[in-house]
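Asker: In case it helps, our numbering puts the sequence shown at residues 16 to 152. C-beta: ideal position from N, C-alpha, C; glycine also. Remember, it's a predicted structure, so these values are computed and weren't measured experimentally.
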Amino acid sequence: MSNGSAKPAPRVTFAPITPNNLGTVRKLNSVLFPIKYSEKFYSDILLPEVEDFCQLVYYNDIPVGTICCRLEAKNGQNILYLMTMGVLAPYRSRKLGSQSLELKFYERHGFKEVEIHKDYYKKIVPHDAWVLEKVFS
16 MSNGSAKPAP RVTFAPITPN NLGTVRKLNS VLFPIKYSEK FYSDILLPEV EDFCQLVYYN
76 DIPVGTICCR LEAKNGQNIL YLMTMGVLAP YRSRKLGSQS LELKFYERHG FKEVEIHKDY
136 YKKIVPHDAW VLEKVFS
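Okay, here's the thing in structure tokens:
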């Protein structure tokens, strides 16, 4: 017999960043990161070629994080560069970052880990940055 006290599992979802939710991305980034991003940063994350990778992270329909990427040319190939990924502090213990950065998500989209930059971030913990790469033809 159920006592009705069982809570449904939290729902984590992702949505592409669009002009309509860009204000939410700006606000989240201002809280998450110790720097102010340029207008170019925000115009780059709206480009159609990164739509599948630049995402808002939702926890039970509440925007709580961002994933922002850009395309770069390297050795004659286009690669996707993960610029930022952050989750609001009250939601970090809920493994949202882990769900956002699950390696299988990136492997499913053709990414490979190519290196780790030790002490890349000075004002953010952890200080290391992982470099994931995807080659576009």
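(1) Identify which residue in H132, Y121, G80 has its Cα closest to the Cα of V46.
(2) Where do the ends of the beta strand (DSSP E) carrying L95 lie?
(3) Determine the burial state of L97: buried for a count of at least 16 other Cβ atoms within 10 Å of its Cβ, exposed for fewer.
(4) On the premise that L147 lies in contact with Y121, defined as a C-beta separation below 8 Å, what is that separation, rounded to the nearest angstrom?
(5) Return helix, strand or coil for G125, following the three-state DSSP convention.
(6) Distance check for V129 and N90, CA to CA, integer angstroms please.
(7) For A144, write down the residues that DSSP places opposite it in a beta bridge.
(8) Please classify R85: does DSSP put it in a helix, a strand, or coil?
(9) For P105, which three-state DSSP category applies?
(10) Where in the segment 28–69 do unbroken runs of the alpha helix (DSSP H), each at least 4 residues long, occur, reported from the N-terminal end onward?
Answerer: Let me lay it out:
(1) By 1-based counting over the sequence shown, the position of residue 46 is 31. With distances taken between Cα atoms, V46 lies closest to G80.
(2) In the sequence shown, residue 95 corresponds to position 80, counting from 1. Taken as a continuous stretch (DSSP letters only), the beta strand (DSSP E) holding L95 covers 92–102.
(3) Walking along the sequence shown from the start, residue 97 turns up at place 82. Flag for L97 reads buried.
(4) Stepping through the sequence shown from its first residue, residue 121 is reached at position 106. Stepping through the sequence shown from its first residue, residue 147 is reached at position 132. Sure, about 5 Å apart at Cβ, within 8 Å.
(5) Position 110 of the sequence shown, counting from 1, holds the residue named residue 125. The answer is coil: DSSP assigns G125 none of H, G, I, E or B.
(6) Your numbering for residue 90 matches position 75 in the sequence shown. Your numbering for residue 129 matches position 114 in the sequence shown. Near 15 Å, if we compare the C-alpha coordinates of V129 and N90.
(7) Translated into the one-based positions of the sequence shown, residue 144 becomes position 129. Bridge partners of A144: H132.
(8) Position 70 of the sequence shown, counting from 1, holds the residue named residue 85. Reduced to three states, the DSSP call for R85 is strand.
(9) Residue numbering aside, residue 105 sits at position 90 when the sequence shown is read from its first letter. Reduced to three states, the DSSP call for P105 is helix.
(10) 37–47, 54–59
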